[in-house]
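Here's the structure we're looking at; comments come further down.
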Amino acid sequence: LVRLRSRLSRSQNALGRGLLTLLSRDHLDEDDWEEVEDTLITADVGVAATTEIVERLRERTRVLGTRDPSELRALLAEELIAAIGADADRSLHTAPHEDRPAVLLMVGVNGVGKTTTCGKVARVLVADGRTVLLGAADTFRAAAADQLQTWGERVGAETVRGPEGADPASVAFDAVRQGIAAKVDTVLVDTAGRLQNKVGLMDELGKVKRVIEKNGPVDETLLVLDATTGQNGLLQARVFTEVVDVTGVVLTKLDGTAKGGIVISVQRELGIPVKLIGLGEGPDDLAPFEPAAFVDALLG
Ligand code: GDP
């Protein structure tokens, strides 16, 4: 939790402390409430969610009738947790099946942190005593496969890769087949995310998934989203949700942004639970997303 706090310090300063300071004022007039609204919108909470949160805060602080900081903090925490979605299923399905590994597919735009997230997830699983195989289905850039392999070596996972420019679906297929043969627990498949050509991407991702599923359903399709790209990133994300059945979102780079409110937008705009958060570039900078702990860290 200490770590979560320190990694979220930018959002904490901009959002959590900002809101607490505003709400602690003696008399909150229209201008103050507008400031509350601005604070939420600046942190990427999204307009619709902001309007609702502010309405509820206005009503509840009025009823509460106190400026006691700890009571205000509790109230604010409750509202933020509710806005994030307290009861979504955020569990990650990584356990092997009887006759085959669990398969996780990582999708998202270039540069959002897919390869890094594969490495970090592998690290967590290996530390947990699982065997992991990485599939480098981003065959567009040779560097992408190198990067994944480097992660594999770092955390103790083999990497299956094809020649540069190989068919991503065939690499994904090979990875799963080798995973079955070697009886590994989990296969993590990294994909390319070129958005220049939406139709091409749809075809490619659809094919990757179909080919993998010749051996059984994909257990998780994780959409990786860069928290620093804000509402624009959400628009791009929607394209992916149209192509594949996304089961969870990984929100990366929360350490580098004051826009932690994006977790609320994701839930609302995409209707997909955030399951993991990225808090840095290192192997241990990944955490399961827990709304209560997250909000607690935000409020400092
Ligand atoms: P990909 O193209 O989607 O596979 O993205 P990469 O995994 O190559 O990541 C792109 C850049 O973002 C790299 O420099 C990563 O180190 C960095 N990155 C990934 N996740 C995080 C994170 O949670 N926090 C920070 N600060 N950087 C990250």
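Numbering-wise, the UniProt record's numbering puts 187 at position 109 of the sequence shown, and it's gapless, one number per residue.
Glycine included, every Cβ here is placed at the ideal spot set by N, Cα and C.
Here the structure is a predicted model, which is why all the values come from computation and not from measurement.
beta-carbon residue i near ligand 1 non-hydrogen atom, thresh 7 Å
i, result
"residue 264", "no"
"residue 307", "no"
"residue 91", "no"
"residue 331", "yes"
"residue 363", "yes"
"residue 190", "yes"
"residue 302", "yes"
"residue 359", "yes"
"residue 334", "yes"
"residue 326", "no"
"residue 237", "no"
"residue 194", "yes"
"residue 311", "no"
"residue 271", "yes"
Residue i Cβ short of 7 Å to ligand 3 heavy atom set
i, result
"residue 227", "This structure simply doesn't include ligand 3; it includes ligand 1 instead."
Cβ neighbours of residue i in the same chain (closer than 6 Å, five flanking residues each side left out)
i, result
"residue 304", "190, 311, 330 and 331"
"residue 256", "238"
"residue 186", "192, 271, 301 and 302"
"residue 134", "157"
"residue 225", "193"
"residue 188", "271"
Euclidean distance between Cα positions of residue i and residue j
i, j, result
"residue 180", "residue 211", "10 Å"
"residue 172", "residue 323", "17 Å"
"residue 220", "residue 246", "12 Å"
"residue 317", "residue 309", "13 Å"
"residue 103", "residue 157", "19 Å"
"residue 373", "residue 244", "44 Å"
"residue 175", "residue 260", "14 Å"
Contact under 8 Å by Cβ, residue i with residue j
i, j, result
"residue 145", "residue 98", "no"
"residue 350", "residue 367", "no"
"residue 293", "residue 258", "yes"
"residue 120", "residue 92", "yes"
"residue 384", "residue 325", "Given that the chain is displayed from residue 79 to residue 378, the structure contains no residue 384 and the question cannot be resolved."
"residue 321", "residue 280", "yes"
"residue 183", "residue 264", "no"
"residue 85", "residue 357", "yes"
"residue 376", "residue 94", "yes"
"residue 100", "residue 139", "no"
"residue 168", "residue 353", "yes"
Contacting residues, own chain, Cβ-Cβ under 8 Å from residue i (five flanking each side not counted)
i, result
"residue 370", "155, 159 and 164"
"residue 111", "132 and 136"
"residue 335", "88, 89, 305 and 306"
"residue 319", "301, 348 and 350"
"residue 126", "346"
Spatial neighbours of residue i in its chain, beta-carbon cut-off 7 Å, leaving aside the 5 residues before and after
i, result
"residue 339", "93, 118, 121, 122 and 123"
Three Cβ pairs or more, each shorter than 8 Å: is that satisfied between the segment 263-276 and the segment 149-163? No: fewer than three Cβ pairs fall under 8 Å.
Are the segment 196-215 and the segment 225-240 touching by the rule of at least three beta carbon pairs closer than 8 Å? yes
Evaluate the contact criterion for the segment 201-210 versus the segment 334-350: three or more CB pairs, one atom per stretch, below 8 Å. Put simply, the segment 201-210 does not touch the segment 334-350. Fewer than three CB pairs are less than 8 Å apart.
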